[in-house]
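Residue numbers (numbering that gives the first Met the number 0), protein chains in the order written: chain A, 0 to 250; chain B, 0 to 278; chain C, 0 to 303. Each residue gets a CB set at the ideal place from its N, CA and C atoms; glycine is no exception. The structure presented is a predicted model; accordingly, all values stated were derived computationally and were not measured. Let me begin by presenting the structure, written as structure tokens, before commenting on it.
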Amino acid sequence: MIEAQGLSVTFHNNGRAIAAVRDVSFRVAEGESFGIVGESGSGKSTILKAIAGLIKADAPGITVAGRSMGLKRSKAERRLMQCVFQDPYGSLHPRQTVDDMLREPLLIHGFDDIADKVGAALADVGLLPLHRYRYPHQLSGGQRQRVAIARALILKPRILLLDEPTSALDVSIQAEILNLISRLRLSYRLTSILVSHDLGVVAHMCDRIGIMQNGRLVEILDVEDLRRGNTKKKYSAELLAASVGYSRTSS
Amino acid sequence: MSTDPLLEVEDLNVSFFGQGETTLAVRNVSFTLGRERLGIVGESGSGKSTTARALLGLIPSPGVVTAKTLRFAGQNLLGLRDQDWQALRGQRISMVMQDPKYSLNPVIKVGHQIQETYLLHHQASADDARRRALAMLEAVKIRDPDLVFHLFPHQLSGGMGQRVMIAMMLITEPDLLIADEPTSALDVTVQNEVLRILDDLVTDRGMGLIFISHNLPIVSSFCDRVLVMYGGKIVEECRADALHKAKHPYTQALLRAVPRIDHPVRELSVVSRNPEWLS
Amino acid sequence: MSNTEILTWREWLTDDAPASRRQAVTGNIYRSVRAVCSNSAAVSGLVMIAMLILVAAFARQISGDASPIAQDLATRLGAPNAQHWFGTDELGRDIFARTVYGARVTLSIVLLVSVVVAPIGLAVGTTAGYLGSWVDSILMRITDVFLAFPKLVLALAFAAALGPGIENAVIAISLTAWPPYARMARAETIAIARSDFISAVVLQGASTPRILFRHIVPLCLSSLIVRLTLDMAGIILTAAGLGFLGLGAQPPTPEWGSMVSSGRDVILDQWWVATIPGIAIFIVSLGFNLLGDGLRDVFDPKST
Numbered sequence: 000m001i002e003a004q005g006l007s008v009t010f011h012n013n014g015r016a017i018a019a020v021r022d023v024s025f026r027v028a029e030g031e032s033f034g035i036v037g038e039s040g041s042g043k044s045t046i047l048k049a050i051a052g053l054i055k056a057d058a059p060g061i062t063v064a065g066r067s068m069g070l071k072r073s074k075a076e077r078r079l080m081q082c083v084f085q086d087p088y089g090s091l092h093p094r095q096t097v098d099d100m101l102r103e104p105l106l107i108h109g110f111d112d113i114a115d116k117v118g119a120a121l122a123d124v125g126l127l128p129l130h131r132y133r134y135p136h137q138l139s140g141g142q143r144q145r146v147a148i149a150r151a152l153i154l155k156p157r158i159l160l161l162d163e164p165t166s167a168l169d170v171s172i173q174a175e176i177l178n179l180i181s182r183l184r185l186s187y188r189l190t191s192i193l194v195s196h197d198l199g200v201v202a203h204m205c206d207r208i209g210i211m212q213n214g215r216l217v218e219i220l221d222v223e224d225l226r227r228g229n230t231k232k233k234y235s236a237e238l239l240a241a242s243v244g245y246s247r248t249s250s
Numbered sequence: 000m001s002t003d004p005l006l007e008v009e010d011l012n013v014s015f016f017g018q019g020e021t022t023l024a025v026r027n028v029s030f031t032l033g034r035e036r037l038g039i040v041g042e043s044g045s046g047k048s049t050t051a052r053a054l055l056g057l058i059p060s061p062g063v064v065t066a067k068t069l070r071f072a073g074q075n076l077l078g079l080r081d082q083d084w085q086a087l088r089g090q091r092i093s094m095v096m097q098d099p100k101y102s103l104n105p106v107i108k109v110g111h112q113i114q115e116t117y118l119l120h121h122q123a124s125a126d127d128a129r130r131r132a133l134a135m136l137e138a139v140k141i142r143d144p145d146l147v148f149h150l151f152p153h154q155l156s157g158g159m160g161q162r163v164m165i166a167m168m169l170i171t172e173p174d175l176l177i178a179d180e181p182t183s184a185l186d187v188t189v190q191n192e193v194l195r196i197l198d199d200l201v202t203d204r205g206m207g208l209i210f211i212s213h214n215l216p217i218v219s220s221f222c223d224r225v226l227v228m229y230g231g232k233i234v235e236e237c238r239a240d241a242l243h244k245a246k247h248p249y250t251q252a253l254l255r256a257v258p259r260i261d262h263p264v265r266e267l268s269v270v271s272r273n274p275e276w277l278s
Numbered sequence: 000m001s002n003t004e005i006l007t008w009r010e011w012l013t014d015d016a017p018a019s020r021r022q023a024v025t026g027n028i029y030r031s032v033r034a035v036c037s038n039s040a041a042v043s044g045l046v047m048i049a050m051l052i053l054v055a056a057f058a059r060q061i062s063g064d065a066s067p068i069a070q071d072l073a074t075r076l077g078a079p080n081a082q083h084w085f086g087t088d089e090l091g092r093d094i095f096a097r098t099v100y101g102a103r104v105t106l107s108i109v110l111l112v113s114v115v116v117a118p119i120g121l122a123v124g125t126t127a128g129y130l131g132s133w134v135d136s137i138l139m140r141i142t143d144v145f146l147a148f149p150k151l152v153l154a155l156a157f158a159a160a161l162g163p164g165i166e167n168a169v170i171a172i173s174l175t176a177w178p179p180y181a182r183m184a185r186a187e188t189i190a191i192a193r194s195d196f197i198s199a200v201v202l203q204g205a206s207t208p209r210i211l212f213r214h215i216v217p218l219c220l221s222s223l224i225v226r227l228t229l230d231m232a233g234i235i236l237t238a239a240g241l242g243f244l245g246l247g248a249q250p251p252t253p254e255w256g257s258m259v260s261s262g263r264d265v266i267l268d269q270w271w272v273a274t275i276p277g278i279a280i281f282i283v284s285l286g287f288n289l290l291g292d293g294l295r296d297v298f299d300p301k302s303t
């Protein structure tokens with residue numbers, strides 16, 4: 000469904016070239032849930048943005064549903080995948096109501112029955128009709144993230160890209176949102192890529208997990224191998240050990 | 000003398016008045032702290048940061064702090080005047096915040112900022128202060144203190160910035176360090192290094208540490224004792240290594256809501272809140 | 000009974016779970032209006048500007064039978080008296096009537112300039128900021144060229160080239176006033192364009208004009224309005240300056256700047272000829288400045 004082949008992304012800043020992602024290759028099968036973990040600056044979000052077509056890859060290296068995709072995409076190609084972002088405060092337009100935000104994608108793609116579809120999308124993510132005409136500042140963090148999920152799914156995409164969807168939320172809200180994403184993923188048969196710095200979240204949500212360090216994909220592990228600690232590379236083992244908690248004895 | 004608790008808090012309340020309503024941010028919080036690592040966990044809005052600010056006299060003006068007892072090393076903190084607070088803060092009680100980026104002055108070299116902090120509280124020559132600052136940078140495991148001394152805050156990575164902050168807060172050798180989410184902005188591998196530095200300093204210097212975090216696994220593995228806060232109240236107090244045996248339904252639910260690598264579950268359990276917890 | 004009715008109205012407006020789009024939008028407007036009304040600077044500015052508008056609208060009624068252009072050389076340079084409240088000028092015209100009618104001229108200048116400046120600045124700034132690369136470079140260098148000239152000198156050159164007259168003065172002022180707006184809109188757009196909610200509409204397949212006009216422009220508007228209000232005083236002064244130099248409104252149009260200019264020769268002996276329109280300019284400028292300051296306090300994104 001999604002294939003990255005030798006994907007590299009370089010940012011140019013004041014004449015300096017910074018390689019954010021270097022020669023990364025992986026495949027995500029239809030219906031699969033793929034996870035990418037790494038620390039800040041490892042390039043994990045950059046990969047997601049390149050797949051989404053928000054930033055330019057150095058060379059065409061992304062194939063989605065059999066088609067090579069660059070930065071310029073048709074409306075139909077855009078509809079294929081949608082994204083949920085990290086910051087529930089920055090991902091909703093501050094001057095638009097929930098209703099406005101959910102109508103917009105339907106208007107762009109010329110749907111009819113817009114009012115009904117918006118209502119159904121809200122119900123899908125567990126929001127009530129009373130939330131429909133609220134502005135983002137009248138919603139809690141968890142509710143905002145639900146709106147973002149509703150917005151991503153209202154176009155019925157086949158692929159859902161999740162960029163740290165719960166890292167700004169409290170544990171209890173995180174559990175609710177992760178359960179919601181799992182349920183929607185199953186009922187809409189979505190293929191998904193989840194990016195996170197939290198190994199626990201990725202292990203909970205994904206079948207296979209890619210570990211990133213300094214722009215490179217260190218290794219790809221099955222979730223069972225990760226749970227058992229069957230890592231091949233030293234960095235993965237370090238990351239795994241650090242994620243379990245603080246240990247006074249080890250040096 | 001040394002058996003006396005470092006900090007005694009009894010019935011601490013913090014309330015904010017605004018638009019005809021009174022919001023109780025902290026309700027009847029009582030605890031004592033020795034020379035140990037005390038963790039305070041809770042979700043956002045649970046009052047954990049407000050509690051810490053109250054201990055430093057940093058509650059902004061519409062907020063009102065009341066308590067039956069608020070005593071630090073035998074000194075009564077209730078009704079302290081501003082200048083008394085200033086003498087206490089930074090000197091005997093220090094605080095490390097979540098993000099070093101906002102706590103350091105962006106246009107002054109970090110070494111000079113540490114040096115300044117020392118000179119503010121001690122009668123010493125500039126040379127002396129400089130030596131102390133370098134020694135402190137070394138104490139927080141910075142490999143090349145001479146180099147880091149001359150860097151500006153924006154040239155530091157997150158982990159390095161947090162170490163510099165800790166160095167700055169500890170140069171006055173406080174008796175109590177309050178760390179408010181000191182590692183939340185850091186990567187996991189760096190996080191553990193910073194925790195180790197804090198750990199060693201507490202052990203070596205016999206400091207008291209209040210460690211505020213929303214991250215239960217870290218608190219349970221790092222601290223000696225844990226207070227669990229919910230809605231401004233302490234709902235549970237227990238030994239950190241026994242946190243997984245916590246009795247309060249909120250603590251239990253919170254623990255179950257954390258996705259864990261070693262315990263796969265099909266669905267994460269959700270915290271259902273009981274209004275009785277607040278009564 | 001009416002009391003409960005008012006209460007339900009307010010409840011309807013401040014409901015945090017509106018039942019319709021209309022209620023949400025009006026509720027939001029209500030909150031902004033209340034915020035503006037609770038700011039004393041904004042309210043006093045608003046009152047001054049409301050007075051300007053009222054005076055302009057009812058100029059005929061206010062000035063009674065006195066005409067702003069009727070000359071009466073027998074009573075020229077008369078001191079303020081019961082018949083001519085503010086005295087008469089060098090051609091014996093009633094200064095009170097001229098000042099009152101001058102409000103119309105000032106108001107039309109203000110309106111025309113804002114109608115021209117805001118869209119140009121917004122279009123240039125948001126386009127440059129959102130598209131970036133060479134489009135940005137070209138548009139911003141053009142903006143820099145305009146910014147490099149002192150405002151009044153450039154307006155003077157335009158007015159001289161286009162010929163004197165109030166329309167040309169408006170065009171000249173507008174041409175010199177838009178660059179700061181473009182700069183500001185560009186800076187805001189660059190920040191907004193980076194945010195996730197813009198990425199989300201890009202992913203939905205929205206076209207560039209749609210993103211610009213439906214998602215970016217509404218966010219730039221509030222600071223633009225604040226800036227425009229703060230600049231109004233400057234615009235009025237520039238218009239007055241052009242009038243003073245004889246390149247704005249032409250005689251016998253009662254324009255405050257040219258009135259000050261004509262009173263200059265007699266300022267020592269007949270102070271009222273120049274002072275009265277000067278005070279009018281001062282009050283209106285102050286009104287716009289106060290309103291701008293107040294609006295800035297209310298709409299400042301940092302405070303919310």
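Over the uninterrupted beta strand (DSSP E) stretch that includes C/A81, give me the two end residues.
First-last for C/A81: undefined, no H or E at that position.
From C/G63 to C/F212, what does the alpha carbon distance come to, in whole angstroms?
Computed Cα separation, rounded: 47 Å.
With A/T62 as the anchor, note down where its beta strand (DSSP E) starts and where it stops.
Per DSSP, A/T62 belongs to the beta strand (DSSP E) from I61 to V63.
Apply the 10 Å Cβ neighbour rule to A/N13 and answer buried if 16 or more other Cβ atoms are within range, or exposed otherwise.
Exposed is the call here.
Would you say C/P208 faces chain A, with C-beta separation under 9 Å as the test?
So no, C/P208 is outside the interface.
With a 10 Å radius around its C-beta and 16 neighbouring C-beta atoms as the bar for buried, classify B/N273 as buried or exposed.
exposed
Going by DSSP in three states, A/A3 sits in which element: helix, strand or coil?
strand
If we count the other Cβ atoms within 10 Å of its Cβ and call it buried at 16 or more, is C/K301 buried or exposed?
Residue placement at C/K301 is poorly supported in this model, since its pLDDT is 46, which falls under 50; the coordinates are not used for a value here.
DSSP state of C/V32 mapped onto helix, strand, coil
helix
Helix, strand or coil for B/H111 per DSSP?
helix
Work out the CA separation of C/G164 and C/G91 for me, nearest whole Å.
23 Å
I'd like the list of long-range same chain contacts for A/Q137, defined as Cβ closer than 6 Å, with 5 residues on each side in sequence excluded.
none
What separation, rounded to the nearest whole angstrom, lies between the Cα atoms of C/S39 and C/A232?
About 19 Å.
By alpha-carbon positions, which one of C/V201, C/G131 and C/A102 ends up nearest to C/R59?
C/A102
Decide if B/L77 is buried, meaning its Cβ has at least 16 other Cβ atoms within 10 Å, or exposed.
exposed
Beta-carbon separation of C/A186 and C/L121 under 9 Å?
No, Cβ-Cβ distance for C/A186 and C/L121 is not below 9 Å.
Grab me the residues of C/T13's own chain with a C-beta within less than 6 Å of its C-beta, minus the 5 sequence neighbours each way, in chain order.
none
Indicate the three-state DSSP secondary structure (helix, strand or coil) for A/S246 in the structure shown.
coil
Of all Cβ atoms in chain A, is any one closer than 9 Å to the Cβ of C/D135?
no
Pull up the distance between the alpha-carbon of A/L185 and that of A/A147, whole angstroms please.
Rounded to whole angstroms, A/L185 and A/A147 show a C-alpha spacing of 18 Å.
Measure from the C-beta of C/L130 to each C-beta in chain A and report whether the shortest distance is under 9 Å.
no
Looking at chain A, which residues of the region 283 to 299 of chain C have a Cβ within less than 7 Å of any of its Cβ atoms?
none
Between C/Q249 and chain A, is there a C-beta pair that is closer than 9 Å?
Not an interface residue.
Taking Cβ positions, are C/A41 and C/L294 nearer each other than 9 Å?
yes
What is the rounded straight-line gap between the Cα of C/Q139 and the Cα of C/Y180?
Looking at the sequence shown, residue 139 of chain C is not Gln but Met. Between C/M139 and C/Y180, the C-alpha separation is close to 12 Å.
Locate the alpha helix (DSSP H) running through C/S261, then write down its first and last residues.
W255 to G262
Among the residues of its own chain, which have a CB less than 6 Å from the CB of B/V63, if the five just before and after it don't count?
S14
C/G233 lies in the beta strand (DSSP E); which residues open and close that run?
No beta strand (DSSP E) contains C/G233, which is instead part of the alpha helix (DSSP H) from V216 to F243.
Which same chain residues end up closer than 8 Å to B/P61 when comparing Cβ atoms and leaving out the 5 residues on each side of it in sequence?
F15, F16 and G17
Helix, strand or coil, according to DSSP, for B/A72 in the structure here?
coil
Three-way DSSP call (helix, strand, coil) for A/M204 in this model:
helix
Cα-Cα separation between A/R247 and B/I196, rounded to whole angstroms:
Taking the straight line from one Cα to the other gives about 11 Å.
Taking the alpha carbon of A/N213 as the point to measure from, which residue in A/A114, A/G34, A/I61 and A/V20 has its own alpha carbon closest?
A/V20
Apart from the five residues just before and just after C/G245, which ones in its own chain have a Cβ nearer than 8 Å to its Cβ?
P163, S257 and S260
Would you mind telling me which residues of chain C sit closer than 7 Å to A/A51, beta carbon to beta carbon, in chain order?
Ordered by position in chain C, the residues that pass the 7 Å Cβ test against A/A51 are L202.
I'd like the list of long-range same chain contacts for B/T65, defined as Cβ closer than 7 Å, with 5 residues on each side in sequence excluded.
Around B/T65: N12.
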